[in-house]
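**Student:** First residue of the sequence shown? That's 58 in our numbering, and the numbers climb one at a time after it. Each residue gets a CB set at the ideal place from its N, CA and C atoms; glycine is no exception.
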Amino acid sequence: MALLPILHYPDPKLRTKAKPITEVTDTLRKLIDDMFETMYDAPGIGLAASQVDVHKRLIVIDVSETRDEPNVYINPELELLGTVMQAEEGCLSVPGYYEAVERVDRIKVTALDRNGESFTQEASGLLAVCIQHECDHLDGKLFVDYLSSLKRTRIKKKLVKLQRQQAHS
Ligand code: NI
58 MALLPILHYP DPKLRTKAKP ITEVTDTLRK LIDDMFETMY DAPGIGLAAS
108 QVDVHKRLIV IDVSETRDEP NVYINPELEL LGTVMQAEEG CLSVPGYYEA
158 VERVDRIKVT ALDRNGESFT QEASGLLAVC IQHECDHLDG KLFVDYLSSL
208 KRTRIKKKLV KLQRQQAHS
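1) Please state whether DSSP places Glu191 in a helix, a strand or coil.
2) Rounded to a whole number of angstroms, what is the C-alpha to C-alpha distance between Gly180 and Gln189?
3) Residue range of the beta strand (DSSP E) that Leu115 falls in?
4) How would you call Phe176, buried or exposed, if buried means at least 16 neighbouring beta carbons within 10 angstroms?
5) Is Ile116 closer than 8 Å to Cys192 when the C-beta atoms are compared?
6) For the putative contact between Ile63 and Leu149, defined by C-beta atoms under 8 Å, what is the C-beta separation to the nearest angstrom?
7) Using the Cα positions of Asp98 and Val158, report the straight-line distance between them to the nearest angstrom.
8) Can you find a heavy atom of the ligand NI that lies under 7 Å from the Cβ of Leu149?
9) Straight-line CA distance for Ile164 to Ala185?
10) Is it the case that the Cβ atoms of Asp202 and Lys74 are separated by a distance below 8 Å?
11) So if DSSP puts Ile131 in a beta bridge, which residue, or which two residues, is it bridged to?
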């Protein structure tokens, strides 16, 4: 397994719309394993392939405290249920920032698993929020897009400055 570099906002590659996966192969399963390793190492609770510069419709999630409940969603299709609520979100592509975002508290997702088998899952709470957040990545959307442009610009400026400092150190 290998750790994959994570793209950081405002990298324009994060805006790419991911393409559907047509075949679940061993190469894809290797990518899934690498994405889990990268996510656990970061550490984070979810990662979309878009964040590691692979523009395919694939997300991995583990919201368990014990870090032993890996969930894979290939070509996820979301149905929003429940009511709108505010939840605090962060993102491995927007390091260091946590902001309240409006999401629904319950969803239904249909996807393929790592064996290419179709499944449907209903989720609520943190898992529901995380699935919505990761699916946004596949459409090139980030949680900062839900914030005011003032807040978003401030975050962008600080991250650009940080990236410049890291590039020079
Ligand atoms: Ni994210």
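**Tutor:** On the basis of the coordinates in this document:
1) By 1-based counting over the sequence shown, the position of residue 191 is 134. In this structure, Glu191 counts as helix in the three-state DSSP scheme.
2) Stepping through the sequence shown from its first residue, residue 180 is reached at position 123. Stepping through the sequence shown from its first residue, residue 189 is reached at position 132. Per the sequence presented here, residue 180 reads as Ala, with Gly not at that position. Each residue's Cα considered, the two are about 10 Å apart.
3) For the purposes of this step, residue 115 is identified with residue 58 of the sequence shown, where counting begins at 1. For Leu115, the enclosing beta strand (DSSP E) starts and ends at Leu115 to Ile118.
4) Numbered from 1 along the sequence shown, position 119 holds the residue referred to as residue 176. Classification of Phe176: exposed, given that the 10 Å Cβ count is below 16.
5) For the purposes of this step, residue 192 is taken as residue 135 along the sequence shown, with counting starting at 1. For the purposes of this step, residue 116 is taken as residue 59 along the sequence shown, with counting starting at 1. Yes, the pair counts as a contact, with Cβ atoms nearer than the cut-off.
6) Counted from its first residue, the sequence shown places residue 63 at position 6. Counted from its first residue, the sequence shown places residue 149 at position 92. A Cβ-Cβ separation of about 5 Å places Ile63 in contact with Leu149 under the 8 Å criterion.
7) For the purposes of this step, residue 98 is identified with residue 41 of the sequence shown, where counting begins at 1. For the purposes of this step, residue 158 is identified with residue 101 of the sequence shown, where counting begins at 1. Going from the Cα of Asp98 to the Cα of Val158 covers about 25 Å.
8) To locate residue 149, count along the sequence shown from 1; it is residue 92. Result yes, Cβ under 7 Å from the ligand NI.
9) Counting from one through the sequence shown, the residue named residue 164 turns up at place 107. Counting from one through the sequence shown, the residue named residue 185 turns up at place 128. Approximately 6 Å, taken between the alpha carbons.
10) Position 145 of the sequence shown, counted from the start, is the residue given in the question as residue 202. Position 17 of the sequence shown, counted from the start, is the residue given in the question as residue 74. Not in contact: Asp202 and Lys74 (Cβ atoms no closer than 8 Å).
11) Within the sequence shown, residue 131 is the residue found at index 74, counting from 1. Note: Ile131 sits in a beta bridge opposite Leu115 and Leu169.
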